[in-house]
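Numbers 5 to 85, taken from the numbering used here, label the letters of the sequence shown in order.
From the three backbone atoms N, C-alpha and C, an ideal C-beta is built for every residue, glycine too.
First up is the structure itself, then whatever we jot down about it.
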Amino acid sequence: MDDADLAHEVQEALIASALSARKPGLTSPDGRCIWCRDEAAVAGTAFCSAECGEDYFRNEHQVKQRYIPSKSPADNSGNNT
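Pasting the structure below:
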């Protein structure tokens with residue numbers, strides 16, 4: 005076995021590891037698009053179209069980026085003492 009064969013085996017192992025560690029894809033629990041709720045989802049997915057999927061993930065990203073301050077001023081001071 006030469007270096008190229010060993011490199012190929014390492015590469016295959018890394019790919020297999022990455023595939024097994026990825027999150028499962030979204031699916032619709034009731035067969036309807038989870039974004040627009042108007043149309044039936046494409047089989048094995050959560051959305052009726054690519055546009056609905058893009059809108060859903062764009063919204064999820066925006067929600068994660070929002071800063072929601074705490075109601076207690078002490079929690080927002082930045083001092084951890």
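Asked, Found
"Assigned exposure category for S24 - 16 Cβ within 10 Å defines buried", "exposed"
"Reduced DSSP category for R62 - H, G, I as helix; E, B as strand; rest coil", "helix"
"Under the three-state DSSP convention, the category A50 falls into", "coil"
"Straight-line Cα distance separating I38 from Q69", "21 Å"
"Collapsed DSSP secondary structure at A44 in the structure displayed", "strand"
"Where the alpha helix (DSSP H) containing L10 begins and where it ends", "D7 to A25"
"Those residues which DSSP pairs with R36 across a bridge", "A44"
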